[in-house]
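Read through the structure below, which is laid out as structure tokens, and then see the notes.
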Amino acid sequence: MTAIFRTMKLVEVVMKGLKPTAGALQSKVEAYNCLNDCALGIFIQVIHGDIFKCVVEMETTNKIWLYLKTLYQRDTAFALVHQVVSLCQLGWMFDSARPLSKFIQNFESEWYKLLKFTKDSSDTYRQQFAVFLGNDKAKSVTGWHSAWCILG
Numbered sequence: 065m066t067a068i069f070r071t072m073k074l075v076e077v078v079m080k081g082l083k084p085t086a087g088a089l090q091s092k093v094e095a096y097n098c099l100n101d102c103a104l105g106i107f108i109q110v111i112h113g114d115i116f117k118c119v120v121e122m123e124t125t126n127k128i129w130l131y132l133k134t135l136y137q138r139d140t141a142f143a144l145v146h147q148v149v150s151l152c153q154l155g156w157m158f159d160s161a162r163p164l165s166k167f168i169q170n171f172e173s174e175w176y177k178l179l180k181f182t183k184d185s186s187d188t189y190r191q192q193f194a195v196f197l198g199n200d201k202a203k204s205v206t207g208w209h210s211a212w213c214i215l216g
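If you want the working numbering, it's the 1-based position in the sequence shown plus 64.
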């Protein structure tokens with residue numbers, strides 16, 4: 065969703081909650097309403113009907129965004145552990161009937177998700193984990209562990 069709002073220049077209105085100040089020119093209020101309505105149109109298209117029922121009465125798209133972010137953002141310690149486990153389980157999920165390139169592709173994908181998840185955080189422990197992943201140590205350790213489990 066953030067990419068959509070970025071490309072349509074709606075980040076300030078939707079994600080940052082920018083509003084015209086009290087006593088703003090009518091043209092600024094109209095411009096804000098136009099941007100808010102555009103973002104609302106996007107939400108209408110992408111939000112499931114059951115979820116939309118919960119947000120339909122909200123006054124601004126920023127309130128909708130904050131509600132959805134609070135409800136669905138996976139920026140918790142549990143989510144980090146889950147992603148680490150997803151990466152580590154790849155060795156046990158290897159299927160010799162499938163090409164090795166698929167396994168490598170899955171490994172790279174899970175590793176990148178974990179790197180992005182740790183890099184984008186402000187928590188110290190996640191930043192340190194991101195440095196560890198950035199040094200490529202985790203990739204080689206987990207890769208060797210996975211290869212050992214497959215071959216061993």
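Ideal placement from N, C-alpha and C gives every residue a C-beta, glycine not left out.
State the Cα-Cα distance for the pair residue i and residue j, rounded to the nearest angstrom.
i	j	result
leucine 154	aspartate 101	44 Å
threonine 188	arginine 70	28 Å
leucine 89	glutamine 192	48 Å
methionine 79	methionine 65	10 Å
alanine 86	tyrosine 136	32 Å
isoleucine 168	aspartate 159	12 Å
cysteine 118	proline 163	45 Å
arginine 138	glycine 113	22 Å
serine 185	lysine 166	29 Å
valine 149	tryptophan 175	11 Å
threonine 140	valine 110	24 Å
asparagine 97	alanine 67	21 Å
methionine 72	alanine 161	44 Å
lysine 92	asparagine 199	48 Å
alanine 95	arginine 190	40 Å
Going by DSSP in three states, residue i sits in which element: helix, strand or coil?
i	result
glycine 81	coil
leucine 130	helix
lysine 92	helix
glutamate 121	coil
tryptophan 156	coil
glutamine 137	coil
isoleucine 68	helix
glycine 216	Reliability of the predicted coordinates at glycine 216 is poor, the pLDDT of 45 falling under 50, and the value obtained from them is presented with this limitation in mind. Note: glycine 216 maps to coil in three-state DSSP.
lysine 73	coil
alanine 161	coil
Do the CB positions of residue i and residue j come within less than 7 Å of each other?
i	j	result
phenylalanine 142	isoleucine 128	no
leucine 74	alanine 103	yes
leucine 197	leucine 179	yes
lysine 177	alanine 194	no
glutamine 147	phenylalanine 181	yes
Buried or exposed: where does residue i fall if 16 or more other Cβ atoms within 10 Å of its Cβ makes it buried?
i	result
glutamate 121	exposed
valine 77	buried
threonine 134	exposed
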